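The next block holds one structure in the form of structure tokens; read it before the comments.
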Amino acid sequence: MHIFITGIAGAIGSHVAEAFRAEGHEVTGIDNLDNYYSAAIKELTLSDVASRGVNVVREDLVTSDLTEHIPEETEFIFHFAAQPGISAETPFDHYIRNNIKATERLLHRAGTLPKLKALVYISTSSVYGKSARGGEDDVPRPTSGYGVTKLASEQLALSHHRSFGLPVIALRLFSVFGPRERPEKLYHKLTHAILTNAPFPLHEGALAHVRSFTYVGDVVRGMTQVLEQYKNAIGEVVNIGSNITHTTEDGIRAIEAILGQRADIVVVHRRPGDQFETEAVIGKAKRLFGFATKTSLEDGLAEQIRWHKEHLLPHLGTVYDGDA
Numbered sequence: 001m002h003i004f005i006t007g008i009a010g011a012i013g014s015h016v017a018e019a020f021r022a023e024g025h026e027v028t029g030i031d032n033l034d035n036y037y038s039a040a041i042k043e044l045t046l047s048d049v050a051s052r053g054v055n056v057v058r059e060d061l062v063t064s065d066l067t068e069h070i071p072e073e074t075e076f077i078f079h080f081a082a083q084p085g086i087s088a089e090t091p092f093d094h095y096i097r098n099n100i101k102a103t104e105r106l107l108h109r110a111g112t113l114p115k116l117k118a119l120v121y122i123s124t125s126s127v128y129g130k131s132a133r134g135g136e137d138d139v140p141r142p143t144s145g146y147g148v149t150k151l152a153s154e155q156l157a158l159s160h161h162r163s164f165g166l167p168v169i170a171l172r173l174f175s176v177f178g179p180r181e182r183p184e185k186l187y188h189k190l191t192h193a194i195l196t197n198a199p200f201p202l203h204e205g206a207l208a209h210v211r212s213f214t215y216v217g218d219v220v221r222g223m224t225q226v227l228e229q230y231k232n233a234i235g236e237v238v239n240i241g242s243n244i245t246h247t248t249e250d251g252i253r254a255i256e257a258i259l260g261q262r263a264d265i266v267v268v269h270r271r272p273g274d275q276f277e278t279e280a281v282i283g284k285a286k287r288l289f290g291f292a293t294k295t296s297l298e299d300g301l302a303e304q305i306r307w308h309k310e311h312l313l314p315h316l317g318t319v320y321d322g323d324a
């Protein structure tokens, strides 16, 4: 099959691209390599992805000619690209551009593809708001520009299904971690701080936050199941995540145990828009795709730490722009 993936330099999109290619599919991916975090890290990822036979396009969904970059024979689109995070430093215009506008342009191109079987829109538990512990029918109450624009983009995609018959599936992912996690995210940042003997800033109240931390390998397996069972889910919204929850403190202590060293935690201001608790209700995903997670938090963190040591520490002076 011919598969097109957006956000291919990202943690999830890159792993999914590699998995699909390993199964023998023809895979093309696009990424604009923006400066939200180190382009050097993204280039390392793209080098790995390209070495596995994935076609890599370094272009922007908003400004490039998608007729040229998205092959006419494309059968599936997995849309991972987005403006992530809830930092107040990210201008709201960036969320509008990279979440809503990029999705709009992708949808228009998708509507012209004669062989398209499904466009899989990758949404987020952030659409639910401060507490995400219910099913897909819970009323979304996002509390950040990220959550608001991801919900808008998700519904824009589904509106193309309702109005034009575009085969769309929306997947709401929960707290994905593992190799290639973004540098500002919890486990990457904590691991790096301990390995480089640097302070670890933690937002006030975050230790007690509850999350459905979901290992990226389980998400990849879920994407493979979606590819196989897509007909079951056209027009649907589906939660994808672990139904086992942990506190942030649980994760921190697990990493400290694996590394044999305590973190130098520095408490900083509370972060507006953060979620207090998430718990993935995945009965629908199990029914439609047979989805279930298999990787424990501890095993997933051990793999992430191994990757960090092998793939990032040797490039410390370049991938972190010279910062330890």
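Using UniProt numbering, you'd call the opening residue of the sequence shown number 1 and step up by one each time. Even glycine gets a Cβ: it sits at the ideal position worked out from N, Cα and C. Owing to the predicted nature of the structure, the values given are computational and were not obtained by experimental measurement.
{"Item": "Endpoints, the alpha helix (DSSP H) within which Glu26 is located", "Value": "Glu26 -> not in any alpha helix (DSSP H); beta strand (DSSP E) instead, spanning Glu26 to Asp31."}
{"Item": "Cutoff 6 Å; reference Pro179; Cβ partners in own chain excluding five residues on either side", "Value": "Gln304 and Trp307"}
{"Item": "One or two residues paired with Ser159 in a DSSP bridge", "Value": "Partner(s): none; Ser159 has no beta bridge."}
{"Item": "Unbroken alpha helix (DSSP H) run spanning Ile282, endpoints", "Value": "First-last for Ile282: undefined, no H or E at that position."}
{"Item": "Where the beta strand (DSSP E) through Thr103 begins and ends", "Value": "No beta strand (DSSP E) holds Thr103; the alpha helix (DSSP H) holding it covers Ala102 to Ala110."}
{"Item": "Buried or exposed (CB count within 10 angstroms, at least 16 for buried), Val139", "Value": "exposed"}
{"Item": "For Leu113, the nearest candidate out of His69, Ala152, Ile86 and Thr318 (CA to CA)", "Value": "His69"}
{"Item": "4 or more residues per run - each alpha helix (DSSP H) lying fully within the region 211-268", "Value": "216-229 and 248-259"}
{"Item": "For Ala254, the nearest candidate out of Thr103, Thr191, Leu61 and Thr63 (CA to CA)", "Value": "Thr191"}
{"Item": "As assigned by DSSP and simplified to three states, the class of His308", "Value": "helix"}
{"Item": "Start and end residues, alpha helix (DSSP H) containing Thr191", "Value": "Leu186 to Leu195"}
{"Item": "Residue(s) in a DSSP beta bridge with Thr63", "Value": "BP columns for Thr63 are empty, so no partner."}
{"Item": "Rounded straight-line distance, which links the Cα of Glu256 to that of Ile234", "Value": "43 Å"}
{"Item": "Other residues of its chain near Ile258: CB distance less than 7 Å, five sequence neighbours each side excluded", "Value": "Leu301, Ala302 and Ile305"}
{"Item": "DSSP beta-bridge partners of Val120", "Value": "Phe78 and Ile169"}
{"Item": "Gly7 to Glu26 span [Cα, whole Å]", "Value": "17 Å"}
{"Item": "Status (buried if at least 16 other CB within 10 Å, exposed otherwise) for Glu23", "Value": "exposed"}
{"Item": "Cα-Cα separation, Asp299 to Ser144", "Value": "31 Å"}
{"Item": "Host alpha helix (DSSP H) of His315 (start-end)", "Value": "From DSSP, His315 is part of no alpha helix (DSSP H); its letter is neither H nor E."}
{"Item": "For Val220 and His79, believed in contact at Cβ under 8 Å, the rounded distance", "Value": "Incorrect: roughly 16 Å between the Cβ atoms, too far for contact."}
{"Item": "Sequence-distant residues of its chain with Cβ nearer than 8 Å to Arg105 (five each side left out)", "Value": "Leu61, Val62 and Leu66"}
{"Item": "With 16 other Cβ atoms within 10 Å as the buried cut-off, status of Pro91", "Value": "exposed"}
{"Item": "Straight-line gap, Tyr128 to Arg141 (C-alpha atoms, nearest Å)", "Value": "5 Å"}
{"Item": "Simplified DSSP assignment, three categories, for Ala292", "Value": "coil"}
{"Item": "Rounded C-alpha distance that separates Arg162 from Val176", "Value": "29 Å"}
{"Item": "Buried/exposed call for Arg172, threshold 16 Cβ in 10 Å", "Value": "buried"}
{"Item": "Cut-off 8 Å between Cβ atoms - residues of its own chain near Leu107, not counting five sequence neighbours on either side", "Value": "Leu119, Leu156, Ala157, His160 and Leu166"}
{"Item": "Val238 versus Lys189 - alpha carbon distance", "Value": "29 Å"}
{"Item": "Local conformation of Gly322 per DSSP, three classes", "Value": "At Gly322 the pLDDT is 38, less than 50, meaning the model places this residue with poor confidence and gives no usable figure here."}
{"Item": "CB contact flag (Glu75, Lys115, <8 Å)", "Value": "yes"}
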